[in-house]
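J.:
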Amino acid sequence: MRALIIEPQRLFTPFLAGVLEERGVAVLATTLALDRDQLALARPEIVLIDADHLPSPLMALADLRSALPSARIAVVYAWAEAAWLVLARAFGADVLIGPGADEERLVLELGLRRRT
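In terms of our numbering, the sequence shown is residues 46 to 161.
1. In whole angstroms, give me the CA-to-CA distance for E67 and P59.
2. For A87 and A74, I'd like the C-alpha separation in whole angstroms.
3. Across which residues does DSSP place T76 in a beta bridge pair?
4. Classify R81 as helix, strand or coil using the three-state DSSP reduction.
5. Would V92 and V152 be called neighbours here (beta carbons separated by less than 8 Å)?
6. At what residues does the alpha helix (DSSP H) containing V152 begin and finish?
7. What is the rounded straight-line gap between the Cα of A105 and the Cα of R150?
8. Taking the alpha carbon of R81 as the point to measure from, which residue in G69, P114, P53 has its own alpha carbon closest?
9. My assumption, with CB atoms under 8 Å, is that M46 sits in contact with V72. Please give the rounded CB distance.
10. Considering just the uninterrupted stretch of the alpha helix (DSSP H) at D108, what are its terminal residues?
11. Below 8 Å on the Cβ atoms is my guess for E125 versus D139; work out the distance and round it to an integer in Å.
12. Which of helix, strand or coil does DSSP assign to A121?
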């Protein structure tokens, strides 16, 4: 399984990559954004995206869903109104990870387990 992390806060990318790699997921890249051609070539099964630092997170979700229709898209957010969460799902998010979530919640929501 392959993953892409879209996270502008470089402080968190090693942690997120470590959580995925501990479960056997190969992290292809950590980046601010990728264009559609790069997404199509990378073809990750999981995309982990931090919505709080994108200028237009809903449009980014729609673009990701269009470019990667079978990927599992997980959105990490620090704060959002209930309506935004509904829209995020409508625009392509499979998983929503809020401010109270921990590593185990992320793993559970993505359907991953620790390698044995």
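The beta carbon of each residue, even a glycine, is placed where N, CA and C say it ideally should be.
T.: So, from the data block:
1. Here the alpha carbons of P59 and E67 stand approximately 12 Å from one another.
2. Near 9 Å, if we compare the C-alpha coordinates of A74 and A87.
3. I51.
4. DSSP places R81 in the helix class (H, G or I) of the three-state scheme.
5. Their beta carbons are not under 8 Å apart, which means V92 does not touch V152 by this criterion.
6. 148-155 is the span of the alpha helix (DSSP H), which, as asked, contains V152.
7. Their backbone Cα atoms lie some 23 Å apart in a straight line.
8. Nearest option by C-alpha distance: P114.
9. Rounded to the nearest angstrom, the Cβ distance from M46 to V72 is 10 Å, too far for a contact under 8 Å.
10. Annotation: the continuous alpha helix (DSSP H) that includes D108 extends over 102-112.
11. Per the sequence presented here, residue 125 reads as Ala, with Glu not at that position. Not confirmed; about 16 Å, so no contact.
12. The residue asked about is misnamed: residue 121 is Val in this sequence, not Ala. Of the three classes helix, strand and coil, the one that applies to V121 here is strand, per DSSP.
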